[in-house]
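The structure appears right after this line, and notes come after that.
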Amino acid sequence: MSPKKRRFDFARLPAATGVALDERLQGATLLRRALNKVFPNHWSFLLGEIALYSFIVLLLTGTFLALFFDPSMTEVMYDGSYTPLRGIEMSRAFASSLNISFDVRGGLIMRQMHHWAALLFMAAIVVHMFRVFFTGAFRKPREMNWIVGVLLFWVGFLEGFAGYGLPDDALSGTGLRIATGIILSIPVAGTWIYLSLFGGEFPGTEIVPRLYIVHVLLVPAILLALITVHMALMVKQKHTQFPGPRATNDNVVGTRMVPAFALKTGAFFMMIFGMIALLGGLVQINPIWLFGPYKGEVVSAASQPDFYVMFLDGSTRLMPDWDLHLGPYTIPGMFWPTVVLPGILTMLPIFYPFIEARLAKDKASHHLLQRPRDVPKRTALGMMAISFWLVLTISGGNDVLAEKFDISLNAMTWAGRVGLFIVPPIAYYVTYRICLGLQQHDREVLAHGVETGIIRRLPDGRFEEVHQPLSTGHLEYTGTPVPKKMNKLGAIGPAIRGFFFPIEKAAPPPAARQVAESPAPRELEDTSKH
Amino acid sequence: MTVEHIRGGHAAPAEDFYVDDPAHTRFDLVKEGLRRDGMEIVHYEPAFPPGRKGRVEKRIERTIAFLFALSGLLAVAFVVAYIWWPWRYELPGPGVSLASRYYTPILAATLGGSLFAMGFALAIWGKKLLPHEVIIQDRHAGPSSPDEQKLTGAAIMNVIDDTGIKRRPIIKAALLLPAAGLGAAAVAPLVGALIKNPQDGHPLLKTGWSPKLNGGKPVPLTRDDGTPIRPEDVSVGGQMTVFPGIPGGATNKYADSPTLLIHLRQEDADALRASIAESQAKLAAGAKVQLPVVDGMWENFVAYSKICTHAGCPASLYEQQTNRLLCPCHQSQFLITEQAKPIFGPANRKLPMLPLAVENGFLVARSDFLEPIGPSYWERPVEITEQEANE
Chain Z
905 MSPKKRRFDF ARLPAATGVA LDERLQGATL LRRALNKVFP NHWSFLLGEI ALYSFIVLLL
965 TGTFLALFFD PSMTEVMYDG SYTPLRGIEM SRAFASSLNI SFDVRGGLIM RQMHHWAALL
1025 FMAAIVVHMF RVFFTGAFRK PREMNWIVGV LLFWVGFLEG FAGYGLPDDA LSGTGLRIAT
1085 GIILSIPVAG TWIYLSLFGG EFPGTEIVPR LYIVHVLLVP AILLALITVH MALMVKQKHT
1145 QFPGPRATND NVVGTRMVPA FALKTGAFFM MIFGMIALLG GLVQINPIWL FGPYKGEVVS
1205 AASQPDFYVM FLDGSTRLMP DWDLHLGPYT IPGMFWPTVV LPGILTMLPI FYPFIEARLA
1265 KDKASHHLLQ RPRDVPKRTA LGMMAISFWL VLTISGGNDV LAEKFDISLN AMTWAGRVGL
1325 FIVPPIAYYV TYRICLGLQQ HDREVLAHGV ETGIIRRLPD GRFEEVHQPL STGHLEYTGT
1385 PVPKKMNKLG AIGPAIRGFF FPIEKAAPPP AARQVAESPA PRELEDTSKH
Chain F
23 MTVEHIRGGH AAPAEDFYVD DPAHTRFDLV KEGLRRDGME IVHYEPAFPP GRKGRVEKRI
83 ERTIAFLFAL SGLLAVAFVV AYIWWPWRYE LPGPGVSLAS RYYTPILAAT LGGSLFAMGF
143 ALAIWGKKLL PHEVIIQDRH AGPSSPDEQK LTGAAIMNVI DDTGIKRRPI IKAALLLPAA
203 GLGAAAVAPL VGALIKNPQD GHPLLKTGWS PKLNGGKPVP LTRDDGTPIR PEDVSVGGQM
263 TVFPGIPGGA TNKYADSPTL LIHLRQEDAD ALRASIAESQ AKLAAGAKVQ LPVVDGMWEN
323 FVAYSKICTH AGCPASLYEQ QTNRLLCPCH QSQFLITEQA KPIFGPANRK LPMLPLAVEN
383 GFLVARSDFL EPIGPSYWER PVEITEQEAN E
């Protein structure tokens, strides 16, 4: 017998590989479930993805930078391409940062992309947190993931601060020097912690190498672990969703992960990566060669930290000169705005889900989101917190504002001190009223219908606006979006398609004409009766 | 709920569905898979009808293909620019090519453009060409059944039973020792290696102005290049940052030592002398003044530590008109005619004054600062005697 030589069948290769893998891993069912996982569609769900994808860019660019950065504090004479600094004594850390910017091919764009990605990472975390807070997505059963999120913010904050201190330029040294002031303000243990962390007096030669290992190993490992837990909990607990057609507390309505969500999120990743690349190469950030190496006596006006640190800078600026003397001991005024305040700002959000549930006596599990207007107190509280943060952040740059707008610096400080106590309550009140107003308008439309813009004159001479009711029956208020315009009802033709120019001809609005010409009494309601 | 639930909340295979039935289309199998996973397709509509492609469909196809091509081209352009575009920094000047200035922006434009084109292509594909679908997935969000909870609880508690720790209290007690010991052992190397005792050599009380660092002689005031300073080098109303005249005195090794030397105008010097005299009189009368009161002037010269008493930034913005020093970090302001006492902002203490003298025509520090410079801390002494400072 001479069996014909079997030809390798390429068409069967994927299936055969699949079978071979399943024989070993029994993964068929699991894989299918993963591919079929349902993702709800809402734009606000993309905010967390920005943070995730910026983190990936941070890992990629950070690995590149680590290949060329040297955290050593040994003094060297700069001899690189950037002529203005040649012959100047500086640490190897600063010299190698300059080398990355000038003597490593493509190093500058990597450095700037890394910094921009860090800012985007922190900003996305903050905005994602707003979304989760204002829609009530943190409620049971997702309190744990909310806490992981709060921790991610602070660990990201720490990571950013450690990275800011690495290049040993004038700004990063100033940031570290302020950090020593903060550490020293801690009662009893301050001097011990300060000298132990810095290995002696500021700046010493230890802190930058130590920050380096913190920045490239310890904290990224914690971030990665927390992100993994964040994702795993999300997959296990499934997404929340806004109430809407077919959406209930017991299901998830949306599209499958593959292909619809995968294409969408893949596209989003490309765009975020592209945005960071554009920023990194076109918009200068942290030009350390202009700041020069860190020297204890050098600082300039407008020394601002990255935006996510500015609120602490602001709180430090606004704090009055209140040192507390207890016998021979001192609690520096700096302790309150830089140690106690961040402590409160960590613990309050961590416990918020439990506080809210306790006050509302709410033990149920919630998978449907709430619109901010439907929970006015929470929304108002959130806006109060944001306005508090904004006053502090603006105060963190009050010297720049004072200079640009020719305002007295002291007046700016006093405005911040007063504003910190006045603005948040105003924000609370205004938000609360806006929420009630929006609710009220929804109820009005549900009861009476959409304003048509058509004015009718009654036989007795009065004028009234014709309303288009949404239904012949009674409509419950359910916390879902209510159409407010006639074209949302299809009564007027839909908006003309086309982004820059119309790609179709506008059709005459038949429904509107019909309404205008022959008002049908069954559909049109006399608003004067209500 | 439309599906029957079994273990793990997933549906059983339908009895009348045969996966191997040749009549099933692939989509039938997809639906059955979804059904078994607790999902249901409630809406599924191809973006375009099958068969001949219409004008709109073709246009979308062309757009996506164009974007992919653009993405690929820009990526190649990135690689080409990365390798061949001149990239080394050159100081601008006559005859210097500007090409390298554009290196980073070109990388950004090509890489960013490529990624954006790719992103747009994928987004349009997903939005315009994929079937519109609405799938409902059961959430199965509730807790495990009470039976399950109980069985798992029993399994956990059984571990304790199996170890028999309850009937062996001596083991339980003994176990505490290694638990505490190993815990401490885990922490000890980290804490033990890092820890520095602030009382050990009192580093916070000493600066580079300590005569001990200069063989017991007063430390001269020097510029950052180490040259000493004569009083006539600073014009009236002028100021200069000075460093201790010791090896490495102007480096970050003595980052606590930078000092601002000011040659006061006559009336300002008189005001400062009056302020010091007033404080001394108050001190003698037992009234409350901020310690220490230092008479460190030499003629009309005064020197204050540049390290802000608030957070340690250099309080270095000198406003000649108002005789104020401003710290740019948190805007504390100090009045130099009143012993640099803080008059605005978060700083609470005066900037320490360096006692000045002149030896052989050069300015020197009579002693180290008579208080710790920089931010306040818990056990900070308010005053150091001149003798202690010079030890």
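Order-wise, the sequence lines are chains Z and F.
Following the working numbering, the numbering of the first sequence begins with 905 at its first residue and continues without gaps.
Following the working numbering, the numbering of the second sequence begins with 23 at its first residue and continues without gaps.
In this text, a Cβ means the ideal position worked out from N, Cα and C, and glycines have one as well.
Asked	Found
Local conformation of D160 of chain F per DSSP, three classes	strand
Between the CA atoms of D255 of chain F and S389 of chain F - distance to the nearest angstrom	22 Å
Helix, strand or coil at F66 of chain F [DSSP, three-state]	Before going further, note that residue 66 of chain F is Tyr rather than Phe in the sequence given. Strand at Y66 of chain F.
Contact with chain F by W1096 of chain Z, beta-carbon distance below 8 Å	yes
Neighbour flag for F366 of chain F against chain Z, beta carbons, 8 Å	yes
Residues of the segment 109 to 123 of chain F with Cβ closer than 9 Å to any Cβ of chain Z, in chain order	W109, R110, Y111, E112 and L113
Range of the contiguous alpha helix (DSSP H) that encloses Q1274 of chain Z	First-last for Q1274 of chain Z: undefined, no H or E at that position.
Nonlocal neighbours in the same chain, by C-beta distance under 6 Å from G1323 of chain Z, ignoring five residues either side	V1295
Inter-residue spacing [alpha-carbon to alpha-carbon] between R77 of chain F and A69 of chain F	13 Å
Whole-angstrom distance between L1167 of chain Z and L144 of chain F, CA atom to CA atom	6 Å
Residues, ordered as in the chain, of the segment 381 to 402 of chain F that lie near chain Z by beta-carbon distance below 7 Å	P397, S398, Y399, W400, E401 and R402
Below-8 Å beta-carbon distance, Y66 of chain F vs any chain Z residue	no
C-beta atoms of A296 of chain F and L376 of chain F nearer than 8 Å	no
Sequence-distant residues of its chain with Cβ nearer than 7 Å to A1331 of chain Z (five each side left out)	M1287, M1288 and S1291
For F356 of chain F, the nearest candidate out of F:S136, F:I284 and F:L373 (CA to CA)	F:L373
Ordered list of beta strand (DSSP E) runs contained in the segment 271 to 319 of chain F, each at least 3 residues	281 to 285
Coarse secondary structure for I1359 of chain Z, derived from DSSP in three states	strand
Residue range of the unbroken alpha helix (DSSP H) whose run includes H1229 of chain Z	Premise fails: H1229 of chain Z lies in the beta strand (DSSP E), L1228 to L1230, not in any alpha helix (DSSP H).
Given 8 Å, three or more beta-carbon pairs between the segment 221 to 232 of chain F and the segment 260 to 280 of chain F	yes
Three-state class that DSSP yields for R1426 of chain Z in the structure shown	Caution is warranted here: a pLDDT of 41 is assigned to R1426 of chain Z, below 50, making its placement in the model unreliable, and no coordinate value can be reported.
Boundaries of the alpha helix (DSSP H) in which S1076 of chain Z is found, first to last residue	A1074 to L1088
Interfacial residues, the segment 1374 to 1405 of chain Z to chain F, with Cβ spacing under 8 Å	none
Sequence-distant residues of the same chain with beta carbon closer than 8 Å to L1379 of chain Z, five excluded per side	L1350 and A1351
Test: A145 of chain F CB closer than 8 Å to a CB of chain Z	yes
Those runs of the alpha helix (DSSP H) which lie wholly inside the segment 937 to 974 of chain Z and span at least 4 residues	951 to 972
8 Å Cβ cutoff, S1269 of chain Z in contact with chain F	yes
Identity of the residues DSSP links to Q1016 of chain Z by a beta bridge	Partner(s): none; Q1016 of chain Z has no beta bridge.
Minimum Cβ-Cβ distance from G248 of chain F to chain Z less than 8 Å	no
Residue from Z:D1266, Z:F1403 and Z:M1179 whose Cα sits closest to the Cα of G141 of chain F	Z:M1179
Which residues DSSP lists as bridging E993 of chain Z, in chain order	Z:M981
Proximal residues, the segment 973 to 1003 of chain Z versus chain F, C-beta separation under 9 Å	M977, E979, G984, S985, Y986, T987, P988, E993 and S995
Residue nearest to G259 of chain F in terms of C-alpha spacing, selected from F:T281, F:P266, F:E289 and F:Y276	F:E289
Endpoints, the alpha helix (DSSP H) within which Y326 of chain F is located	Looking at the DSSP string, Y326 of chain F is not in any alpha helix (DSSP H); the run it does join, the beta strand (DSSP E), is F323 to S327.
Alpha helix (DSSP H) runs contained entirely in the segment 145 to 193 of chain F, provided each spans 4 or more residues	168 to 185
Any chain F beta carbon closer than 8 Å to V1449 of chain Z	Nothing about residue 1449 of chain Z can be read from this structure; chain Z reaches only from 905 to 1434.
Residue environment, M1014 of chain Z, which counts as buried when at least 16 other CB atoms sit within 10 Å	buried
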